[in-house]
Amino acid sequence: MSDMNLTLKVWRQKNNQSKGSLETYKILASEHMSFLEMLDVLNEQLIQEKKEPLAFEHDCREWICGACSMVINGQPHGPQRGTTTCQLHMRQFKDGDTIVVEPFRAKAFPVIKDLVVDRSAFDRIIQSGGFISVNTGQAVDGNSIPIDKDTASAAFDAATCIGCGACVAACPNASAMLFTSAKVSHLNQLPQGKLEAKQRVLNMVSQMDEEGFGLCSNVTACEAECPKEISVENIARMNREYIGASLTSDKFV
Amino acid sequence: MSWFSTFLTSSIGKKLVMSLTGLFLIVFLLVHLTGNLQLLIDDGGRQFNLYAKFMTSNPFIKITSYGLYAFILLHAVQGILLWLKNRAAKGGGYAVNNTKATNTVAGFAKNMGWLGIIILVFLLIHLYQFWLQMKLGTLPMVNYDGVEVKNLYVPVMDAFSNIGFVIFYVLSMVVIAFHLWHGFQSSFQTLGLNHKKYTPFIQFLGKAYSILIPLGFALIPILFFLRNS
């Protein structure tokens, strides 16, 4: 097991009202630790020094929950492509490195404390259309509606979005288009979702705008930084579905 | 709000306006270049002046030109507003920024606002120098087979014999090339026209267009300057 001496520059911010700053810490880590385990060690160290531990979000630590939002050396979830922070291991860094850790930056994601940001804007976008309406009762037989493999795969690729917010963090405009388009593309491609497809895209885009996210400039930083490698083809799909739904929906408002 | 204004003021609607006006201006560049290339015909400006006369007197072209002015204004004003809105939505950057992008033109995408403002400044000077002279200025007249036309060739000759202006013009074309490099293919993505079969072709066409059109514009003052000196 090889040890690494690291310098951490971590964003510390008491609460939403206070001004934060980067604080410097020295830490001894192992190359086999995950990034979050390294932060756990930092917190042990801070507690022993009777200092306030660092607040950061984590939940599953197995790449599916999307909680571990932070920007590491200028990249959401760190330098390794297609992973979340929990799956980033210290072997990606070198002994003696300085690592800068900051919270996701977006007006729609206000900082709560240190590295923890409020991403409930995403929840409200999901609530506005990330569902299908079905009658409850006996569970429907699996595969009762045949869906061809290509469609199922495309919908599934979009459905792999874990709503972590890396797309917003990476975007110079803090646009949530990759997230919202993944949710729209997941359901609108499937027969079960097609019934409410028009209203879904109209509602979700409207909610996304209301939350104060920026607009897409087709920079594609979102696609590069997404831990699930969601494609910007989904943004094009959302655009054409939104344009189509706006022009052809029977509703006047 | 009516459904139409809701549509056009939504995030996607605003981008749609940028995309459609941008595509119109892209087509306009080709028309403009076709006109300008007539400057290279070595006939003392006869062909060019007759073309200028046609462009300012044909009623259909007149109507289209009002649309053009409106679209330039809309593209510029909306572009600047969106640029400011997007910066506000980010609310400050990172101490370290290393974000990658999958699209090779992303570097230009982030700077469309700056590039656009430089183009706007160029455009204002350009309009003052040629367009306003044609519309209001006192250009010398020239007679071709009994037809009296304004001699727009004269201010063009003057401008293109000034090395400072030639350099400014060529640099502005480089900026337009960068703006088009992102804008061309981005306008299709905004319209939702992204398809595995066609997107590679659109991207290739966009790159070819954004090199060839500004190159065509830039060659004219360079050739004029070399011919005159």
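These protein sequences, in sequence, are chains A and B.
The first sequence finishes on residue 253 if you use the working numbering, and the numbering steps up by one all the way, no holes.
The second sequence finishes on residue 1229 if you use the working numbering, and the numbering steps up by one all the way, no holes.
We put the CB at the ideal spot given by N, CA and C, even for glycine.
Item                                                                                                                                                                  : Value
Is the Cβ of B:M1112 closer than 8 Å to any Cβ of chain A?                                                                                                            : yes
With a threshold of 8 Å between beta carbons, is A:A224 in contact with chain B?                                                                                      : yes
Do A:A176 and A:F213 come within 8 Å of each other at the CB atom, strictly closer than that value?                                                                   : yes
Counting beta carbon pairs with one atom in the region 27 to 43 of chain A and one in the region 1054 to 1066 of chain B, are three or more of them shorter than 8 Å? : no
Does any residue of chain A have a CB that is nearer than 8 Å to the CB of B:N1086?                                                                                   : yes
What would DSSP say about A:D40, mapped onto helix, strand or coil?                                                                                                   : helix
List, in order along the chain, the chain B residues whose C-beta lies closer than 8 Å to that of A:E210?                                                             : Per Cβ cutoff of 8 Å: no residues; A:E210 is ~10 Å from chain B at best.
How long is the line joining the alpha carbons of A:Q75 and B:F1048, rounded to whole angstroms?                                                                      : 54 Å
Is A:L215 near B:L1082, with beta carbons less than 8 Å apart?                                                                                                        : yes
Nearest-angstrom Cα distance between B:Q1038 and B:G1044?                                                                                                             : 11 Å
A:C226 to A:T83, Cα distance in whole Å?                                                                                                                              : 8 Å
Counting Cβ pairs, one atom from each stretch, are 3 or more of them under 8 Å apart for the region 1203 to 1211 of chain B and the region 1183 to 1191 of chain B?   : yes
Got a sec: which bits of the region 216 to 240 of chain A sit with their beta carbon under 8 Å from any beta carbon on chain B, in order along the chain?             : C216, S217, N218, V219, T220, A221, E223, A224, E225, V232, E233, I235, A236, R237, M238, N239, R240
Check the C-beta distance from B:T1056 over to B:M1134 and give it rounded, since I have them as a contact under 8 Å.                                                 : 6 Å
Determine the DSSP secondary structure at A:A29, reduced to helix, strand or coil.                                                                                    : strand
Looking at the C-beta of A:A258, does it have a partner C-beta in chain B at a distance below 8 Å?                                                                    : Outside the shown range of chain A, which is 1 to 253, sits residue 258 of chain A, and nothing can be said about it.
Go ahead and label B:F1060 buried or exposed: buried means 16 or more other beta carbons lie within 10 angstroms of its beta carbon, across all protein chains shown. : exposed
Please check if any C-beta of chain A sits within less than 8 Å of the C-beta of B:L1023.                                                                             : no
Which residues in the same chain as A:T160 place their Cβ atom closer than 6 Å to its Cβ, once the five residues preceding and following it in sequence are excluded? : K228
What residue range does the alpha helix (DSSP H) around A:L6 cover?                                                                                                   : Taken as a continuous stretch (DSSP letters only), A:L6 belongs to no alpha helix (DSSP H), being part of the beta strand (DSSP E) at 3 to 12.
How far does the beta strand (DSSP E) with A:E102 in it reach, from first residue to last?                                                                            : 98 to 102
For the beta strand (DSSP E) that contains B:E1148, what are its first and last residues?                                                                             : 1147 to 1150
Taking Cβ-Cβ distances below 9 Å as the criterion, which residues of the region 1030 to 1045 of chain B are in contact with chain A?                                  : none
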